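Asker: The structure under discussion is supplied below as structure tokens; questions concerning it will follow.
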Amino acid sequence: MFSSRQRLKKRTTPKDLNRFDYLQALVTEFQDTSDNDAQLQVLANLANFSYDPINFEYLRKLQVPELFIDCIDDDEDLNGRTVQFGISGLCNLVADPKNRDVVLNIESSIHNIVRCLSSSEIETKLSAITTLIQLIVPTSRHRIVTPNVINCMRRIALAEEPRLKKLAEVFLLDYCQNMQISDQ
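In this text, residue positions in the sequence shown follow UniProt numbering: the first is 1, and each later residue adds one.
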């Protein structure tokens, strides 16, 4: 459920951690812990907090978009939960134009999101496609709608899994209809 700042203030007592402090504690725990299970739990929590617009400014200040990209970049196993939570968090964040701009300004972001299209995990692919769709604006289109991505989407559009198939078809119809792309 989305909350307004006024409603949160009303519900928060002086002894409660405020939202920024809580999110900062999560980021610190993620960075400081060497326990993989604890790190995954924190990453999942950060991804879940990324859907709520009231958290967007805090997450930007804490450089959580960069953290999500790093999770994808650092994990060679694109089928793991670290990548799944990282791309899910990005997918939640980029619905906001400011977050979209932050992600687009991270040099390795598009490359790492596109890498997720190669995952065998359906949820990871769904989040990657959705993230790419949300990142397409006139200034970023040339970085995203590339022959490589179009060919990936064509392959995914042949998938048996209906959500993957439909989402890839949406990408192709919305962004590639008037383009001449050779089969590679």
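C-beta: ideal position from N, C-alpha, C; glycine also. Predicted model only: the values in this text are computed from it and were never measured.
1) Pick out whichever of A159, K125, A157 and R154 has its Cα sitting closest to the Cα of I72.
2) Is the number of C-beta pairs between the region 57-64 and the region 16-26 that are closer than 8 angstroms three or more?
3) Below 6 angstroms CB to CB, which residues in the same chain sit around D75 once its five sequence neighbours on both sides are set aside?
4) Is G86 close to chain B? Criterion is C-beta to C-beta, closer than 8 angstroms.
5) Alpha carbon to alpha carbon, how far is N99 from V145?
6) Starting from the C-beta of I156, find all residues in its chain whose C-beta is less than 6 angstroms away, skip the five residues before and the five after it, and write them out in chain order.
7) Tell me which same chain residues have a C-beta within less than 7 angstroms of the C-beta of L104, skipping the five on either side of it?
Answerer: Once the coordinates are examined:
1) For the residues A159, K125, A157 and R154, the minimum Cα distance to I72 belongs to K125.
2) Yes, since at least three Cβ pairs between the region 57-64 and the region 16-26 fall closer than 8 angstroms, the two stretches touch.
3) Closer than 6 angstroms at the Cβ level, and outside the excluded window around D75, lie T82 and V83.
4) Going by chain labels, chain B is absent from the structure shown, which holds only one protein chain.
5) Spanning the alpha carbons of N99 and V145 requires a straight line of approximately 20 angstroms.
6) The residues are L164 and A168.
7) Answer for L104: L135 and S140, listed in chain order.
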